[in-house]
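What the sequence shown shows, in mature numbering (1 follows the signal peptide of the UniProt record, and there is no 0), is residues -24 to -1, 1 to 173, in sequence order. See below for the structure under consideration.
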Amino acid sequence: MNMPASLPALLFGALLALAPPGQAQPRSYTLDRDHSWVHFEVLHFGTSTIRGRIGPIEGSVTLDPAAGTGEVGLTIPTATVDTGLAVFNSRLRQDDLLASTAHPVAYFVARRFSFEGPRVRALRGEFTWRGVSQPLELRAQRYTCREAVHEGARVEVCGGDFEGEVSRSEYGATFGLPLVGDRVRLLVQVEGRRPLP
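Here it is, written out as structure tokens:
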């Protein structure tokens, strides 16, 4: 499933969507590549846990906290998988797992939000990987926003950690089952910025 090249510009920041209260206008954030990654965990032989990360991820968000609406998405470059072991990274990129040649990018797009007061606590949307789309919820573990100076300009920085899980077999990645777990825990680390006047 091919996504348009412009999709990253609509993407990921609703994970940056927890803007401070009292904002009446939509706000747009651009993801900071240095601080935006997807980490994953999979149980191995019922004993230890395989861990790694993919990224950096790219995207942006537009959110209207007063209206409780927004749009978020992310692009995840699957060939960047890193477990700390080069030979294992290469194995994960193969067609029966990440399929990084045929499907170099995975996507998450969400337009449904759950709030606790003015802050987003969960995002519900679709995760597309290996050409298959399935529902996915990402839940906020923590989130905060602050003012900072970046390259001489005032900005608002928002960031946090979000958690979700997928069953890889639902996307056709069945290699190693059941010795290697089907459930994949996702930990999404994001930071985004917007200019301040």
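Idealized CB from N, CA, C, for every residue including glycine.
query	result
Just checking, does the region 155 to 171 make contact with the region 117 to 132 on the three C-beta pairs under 8 Å criterion?	yes
What residues in its chain sit with their C-beta under 7 Å from that of V14, if we drop five residues either side in the sequence?	R29, I30, G31, I33, I52, L162, V164
Tell me whether the beta-carbon of residue 180 lies closer than 8 Å to the beta-carbon of G136.	In this structure the chain extends from -24 to 173, so residue 180 is not present and cannot be described.
How many angstroms separate the CA atom of V37 from the CA atom of C134?	11 Å
Tell me which same chain residues have a C-beta within less than 7 Å of the C-beta of A78, skipping the five on either side of it?	D71
Would you check if the region 42 to 57 and the region 18 to 26 touch, i.e. whether three or more CB-CB distances between them fall below 8 Å?	no
Return the first residue and the last residue of the alpha helix (DSSP H) that R67 is part of.	62 to 68
How would you write the range of the beta strand (DSSP E) that P171 sits in, first residue to last?	159 to 171
How is the beta strand (DSSP E) around Y119 delimited, first residue to last?	108 to 126
Which residues does DSSP pair with F103 in a beta bridge?	F84, Q110
Once you ignore the five residues that flank A(-16) on each side, which residues in its own chain have a CB closer than 7 Å to its CB?	Note on A(-16): pLDDT 44, under 50, position unreliable in the model; no value is reported.
If we ignore side chains and look at the alpha-carbon of each, how far apart do L153 and V160 end up?	12 Å
Quick test of your reading: E113 and D8, contact by CB under 8 Å. State the CB separation rounded to the nearest angstrom.	Contact doesn't hold; Cβ gap of about 24 Å is too wide.
Hey, which unbroken runs of the beta strand (DSSP E) at 3 residues or more fall wholly within the region 1 to 80?	3 to 7, 13 to 20, 24 to 30, 36 to 40, 45 to 53
For A42, would you say it is in contact with chain B, using Cβ-to-Cβ distances shorter than 8 Å as the test?	Absent from the structure is chain B; it holds one protein chain and no more.
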